[in-house]
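The numbering of the sequence shown is my numbering, which starts it at 376 and goes up by one.
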Amino acid sequence: MPTPTPGPRVNVVTSQVTLGEGFETDIWIELDAPRPTQTRVDFTVGSVHGQPGASPDDYEIAASPIVIPAGSTRAAIRFLALHDDRVEVEECLLLSLLPGADVSPGPRADALVLIGNDDGSDDAGREPLDR
């Protein structure tokens, strides 16, 4: 009985990005080989266990799922950190590629997204000490 060959694999090219509120970045994903048809890649964005996460009001994703065009190996997930006036601690998100009908996640299936505080004090949520 023949051993099934694994389907195409997709990986995240950059495993960590840092950006401030009001800025955007591309998180590139890459297939292990071009395909003759377009490739749909599903993903999730969530918080990292034990780290302050961002609410969905803090960011936008340009497209979900992302589609890699036929004959190509790369596409970008456009990530925008929305500006607000709240003083917050650095927020940490995890973008994870998901298995789907078209592809399987490879060994680099996650990207860490850090959104820095740009609204004043680094002591977000803390009251000043009485002197």
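Ideal Cβ placement from N, Cα and C applies to all residues, glycine included.
Three-state secondary structure (DSSP) of aspartate 516:
This structure does not reach residue 516, given that the chain is present from 376 up to 506, and the question cannot be answered.
Please determine if the segment 381 to 401 and the segment 471 to 485 are in contact, where contact requires at least 3 C-beta pairs separated by less than 8 Å.
yes
Per-residue burial, valine 442 [other beta carbons within 10 Å of its own, 16 or more giving buried]:
exposed
Near valine 488, what residues of its chain come up, given a Cβ to Cβ distance below 7 Å and the 5 sequence neighbours on each side ignored?
Val392, Phe454, Leu468, Leu470
Please list the segments of the alpha helix (DSSP H) lying wholly inside the segment 438 to 468, counting only runs of 4 or more residues, in order along the chain.
none
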